[in-house]
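2 protein chains.
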Amino acid sequence: MYKTPFQVTILGSSGAMPTSKRHTSAQLLKHGNKLFLLDCSEGTQIQLRRMKIPLMKINHIFISHFHGDHYLGLPGLLFTMHLLGRTNELNIYSPPGLKKIIKTHFDICNLETSYKIIFHEIDKDRQTIYEDTTLLVDSISMLHSIPTYGFLFREKPLKRNIKKGHIDKYNIPVNQILKIKAGGSYTTPNGKVLSNEELTIAPPPPRTYAFCSDTGYTESFTGQIEGADTLYHEATFMKEFSELASKKFHSTTTEAATLALKAKVKKLIIGHYSARYDDSELKSYLDEAKAVFTDTYIAEEGKRFDIG
Amino acid sequence: MYKTPFQVTILGSSGAMPTSKRHTSAQLLKHGNKLFLLDCSEGTQIQLRRMKIPLMKINHIFISHFHGDHYLGLPGLLFTMHLLGRTNELNIYSPPGLKKIIKTHFDICNLETSYKIIFHEIDKDRQTIYEDTTLLVDSISMLHSIPTYGFLFREKPLKRNIKKGHIDKYNIPVNQILKIKAGGSYTTPNGKVLSNEELTIAPPPPRTYAFCSDTGYTESFTGQIEGADTLYHEATFMKEFSELASKKFHSTTTEAATLALKAKVKKLIIGHYSARYDDSELKSYLDEAKAVFTDTYIAEEGKRFDIG
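Chains as they are written, first to last, in the working numbering: chain B, 110 to 417; chain C, 110 to 417.
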């Protein structure tokens with residue numbers, strides 16, 4: 110149904126601290142042949158190599174906030190891109206302050222990178238921070254202890270497709286095809302007008318991916334992400350720790366699932382697990398969320414999910 | 110022969126960039142029950158967890174220089190120590206400038222660590238930067254593109270041991286034992302004088318570990334590390350790239366081995382391999398070095414070497 114691949118790969122699923130098996134927050138989002146990095150925790154460049162993802166093809170990096178587990182892999186990745194002789198511009202979207210951090214690292218070793226880095230500062234909610242011919246990205250305000258933004262990736266509506274066989278059937282000339290694709294009708298040599306609806310079929314609906322981490326439970330962005338094909342929502346704790354979660358501006362399994370339900374999303378991925386849980390406990394984790402929202406999945410290193 | 114364990118564990122063996130299997134520069138040196146971290150590259154905290162090394166017991170961290178592959182794991186490790194509620198002071202030894210980097214990271218997320226960090230700046234060659242009851246650490250000037258120091262860990266000379274059986278044989282009272290250990294003789298109730306040499310045996314010689322990375326080939330510190338029990342010397346390239354190595358202030362297999370030979374060390378470990386070499390090429394790597402210095406070993410993640 111969809112021609113353009115749209116999928117997310119989990120590079121790191123752990124919360125504040127890594128474990129011997131789980132890396133901290135990072136995801137690789139692929140849309141068509143474009144690669145977007147969402148968060149860039151310590152070790153992200155190693156995870157990219159392990160998963161054979163070509164790190165030089167990443168041109169856009171989105172950083173949710175400046176807690177160590179979400180951005181500390183960035184300096185290393187930037188150094189590596191330089192060592193590999195990158196020349197393409199790199200765009201980084203984050204709350205204000207990143208440029209100073211990166212400059213401090215570069216200055217101490219007199220580094221001038223082989224490529225240009227463009228720092229895009231996010232300072233408000235529902236700001237469209239990225240746009241290309243097929244995709245838009247908006248900021249989503251998270252409820253956290255420091256300025257933190259989630260990211261809503263939404264496809265632009267696709268054009269209607271000409272029905273298979275109609276070009277041959279009505280012998281439509283090439284120069285008319287683009288017009289029909291743009292919404293026009295077609296008049297046959299006999300003067301018969303074929304409406305656009307008649308000639309085309311509706312495209313599949315635009316797909317959306319909402320990345321929401323880190324955040325305490327809040328319904329403030331439920332409307333913004335409503336109907337998303339896939340929602341990634343942090344679930345640092347199991348439900349028994351709801352008080353602790355709230356105090357630390359994090360969410361529980363049940364809260365993430367409740368939000369998925371209220372926002373009427375189609376699929377929920379949970380992650381950002383506290384290091385107190387070992388891998389064998391993730392089954393109970395999933396069960397707690399599924400009890401509220403059936404279509405829930407567990408983020409695990411290397412897992413790939415199709416969006417829509 | 111030696112009662113105190115003295116060993117180094119390789120946490121990362123890769124040069125400037127990590128590979129899917131090799132982490133960048135970091136080693137854990139254990140002397141008795143003290144743990145010293147030498148360099149702290151990206152992912153070091155994960156490597157420590159994997160190797161079940163208790164990261165909270167590390168009280169002294171030595172950073173050779175500020176190229177990304179030698180220190181970018183430090184902010185993450187410091188964050189984790191805070192999250193784990195560390196209260197013990199942490200000492201970090203490095204060229205000047207580290208405090209500013211760490212402060213920049215802490216400031217952006219309003220972090221005040223639960224423990225005190227003491228930054229010790231190294232700014233000259235052969236400076237004794239650390240001393241305790243059993244061990245000394247001196248700086249070693251490396252030949253590199255930015256200020257870089259190696260580290261010479263040397264045990265203090267041990268006291269002579271009283272010969273087994275002599276305490277009983279001569280019925281030496283307890284209060285005399287400490288005097289003998291301090292170098293004194295003993296006079297028996299019959300007036301017979303037993304010399305210290307007669308009563309004691311020489312302790313094993315103090316052991317030394319020299320960590321030399323990153324550096325171009327130089328004989329400037331050959332005298333300082335002479336006779337070291339174990340020398341770790343970088344060998345970024347195989348010998349065919351000696352010109353490139355020199356240009357980039359790095360060494361080849363042959364150069365590292367030549368230095369080991371000239372400095373009359375007992376054992377050589379080589380590491381800091383360029384990412385161009387995959388693991389299967391390390392055998393040839395080792396062969397090149399062994400052709401010059403027989404007792405050479407290859408650094409590999411998780412490998413542990415006894416010093417002396």
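For every residue, glycine included, the Cβ atom is placed at its ideal position computed from N, Cα and C.
| Below 8 Å, can you find three or more Cβ-Cβ pairs linking the stretch 216-224 of chain B to the stretch 218-227 of chain C? | The stretch 216-224 of chain B and the stretch 218-227 of chain C do not touch, with fewer than 3 CB-CB distances between them shorter than 8 Å.
| task | Name the two residues that bound the continuous alpha helix (DSSP H) containing A354/C. | result | Counting along the chain, the alpha helix (DSSP H) containing A354/C begins and ends at S351 to K356.
| request: Compare the C-alpha of H309/B against each of L287/B, K392/B, T324/B and E328/B and name the closest. | output: Checking the sequence shown, residue 309/B turns out to be Thr, not His. Distance from the Cα of T309/B is smallest, within the candidate group L287/B, K392/B, T324/B and E328/B, for L287/B.
| message | Less than 8 Å between CB atoms is the rule here; does E267/C satisfy it with respect to chain B? | response | The amino acid occupying residue 267/C in the given sequence is Leu; Glu does not appear at that position. Chain B, which has no Cβ nearer than 8 Å to the Cβ of L267/C, makes this no.
| task | Closer than 7 Å, Cβ to Cβ, to anything on chain B: give me those residues from the stretch 182-200 of chain C, in chain order. | result | Those would be G182, P184, G185, F188, T189 and L192, in chain order.
| field | Per DSSP, the bridge partner or partners of Q136/B | value | Residue pairing from DSSP places Q136/B in a beta bridge opposite I119/B and L147/B.
| query | Taking the alpha-carbon positions, what's the I416/B to C321/B distance? | reply | Using only the alpha carbons, I get a separation of about 15 Å.
| Leaving out five residues before and five after S254/B in sequence, what residues of the same chain have Cβ atoms less than 6 Å from its Cβ? | Here the set comprises F358.
| query | Counting along the chain, where does the beta strand (DSSP E) carrying L252/B start and finish? | reply | In the DSSP annotation of this structure, L252/B is not part of any beta strand (DSSP E), being labelled neither H nor E.
| What residue from L137/C, T237/C, H275/C and P298/C has the CA that sits closest to K290/C's CA? | Out of L137/C, T237/C, H275/C and P298/C, the CA that lies nearest to the CA of K290/C is found in H275/C.
| request: Identify which residue in T222/C, S203/C and K268/C has its Cα closest to the Cα of T242/C. | output: Considering only alpha carbons, the answer is K268/C.
| task | Please report the residue range of the beta strand (DSSP E) in which H342/B lies. | result | In the DSSP assignment, H342/B falls within the beta strand (DSSP E) that extends over T339 to E343.
| query | Is there at least one non-hydrogen atom of the ligand HEM closer than 7 Å to the beta-carbon of R131/C? | reply | The model depicted lacks the ligand HEM and carries no ligand whatsoever.
| query | By the 10 Å Cβ neighbour count, where 16 or more other Cβ atoms means buried, how is A366/B classified, buried or exposed? | reply | Buried, since its Cβ has 16 or more Cβ neighbours within 10 Å.
| message | I'd like to check one pair, G152/C with G182/C: are the Cβ atoms closer than 8 Å? | response | Cβ atoms of G182/C and G152/C: closer than 8 Å.
| field | Separation of L377/C from C149/C, as counted between CA atoms | value | When rounded, the separation of the alpha-carbon atoms in C149/C and L377/C is 21 Å.
| For chain C, is any of its Cβ atoms less than 8 Å away from the one on N280/B? | Answer no: the Cβ-Cβ gap between N280/B and chain C never drops below 8 Å.
| Taking the Cβ atom as the reference point for each residue, do P204/C and I162/C lie within a distance shorter than 8 Å? | Going by C-beta atoms, P204/C is not nearer than 8 Å to I162/C.
| In whole angstroms, what separates the C-alpha of F330/C from that of Y326/B? | The alpha-carbon atoms of F330/C and Y326/B are separated by roughly 59 Å.
| query | Which two residues bound the contiguous alpha helix (DSSP H) that contains T213/B? | reply | Run containing T213/B: L207 to I217, per the alpha helix (DSSP H) assignment.
| query | Between the stretch 150-174 of chain C and chain B, which residues of the former have CB atoms less than 7 Å from a CB of the latter, in chain order? | reply | Listed by position, the residues of the stretch 150-174 of chain C near chain B (Cβ gap below 7 Å) are E151, G152, Q154, I155, R158 and R159.
| Three or more beta-carbon pairs under 8 Å between the stretch 339-349 of chain B and the stretch 391-399 of chain B, yes or no? | Yes, they touch.
| Whole-angstrom distance between A384/B and Q154/C, CA atom to CA atom | C-alpha of Q154/C to C-alpha of A384/B: approximately 13 Å in a straight line.
| Secondary structure of F260/C, DSSP reduced to three states | In this structure, F260/C counts as strand in the three-state DSSP scheme.
| query | Are T113/B and G121/B touching if we call contact CB-CB under 8 Å? | reply | In this structure, G121/B does not lie closer than 8 Å to T113/B by Cβ.
| said: Residues of chain B with CB closer than 9 Å to the CB of A125/C, please, in chain order. | reply: Within chain B, the residues near A125/C are F188, T189 and L192.
| query | Hey, K209/B and T213/C: beta-carbon distance below 8 Å or not? | reply | Cβ atoms of K209/B and T213/C: closer than 8 Å.
| task | Jot down the residue ranges of each uninterrupted alpha helix (DSSP H) in the stretch 256-310 of chain B, minimum 4 residues, whole runs only, in chain order. | result | For the stretch 256-310 of chain B, the full-length alpha helix (DSSP H) segments reaching 4 residues or more read 275-278, 283-290 and 305-308 along the chain.
| said: Is T324/B close to chain C? Criterion is C-beta to C-beta, closer than 8 Å. | reply: No, T324/B lies away from the interface with chain C (no Cβ there is under 8 Å from its Cβ).
| request: Please report the Cβ distance between L186/C and L207/C, rounded to the nearest whole angstrom; I am assuming they are in contact, meaning their Cβ atoms lie under 8 Å. | output: Contact between L186/C and L207/C fails: their C-beta atoms lie close to 13 Å from each other, not under 8 Å.
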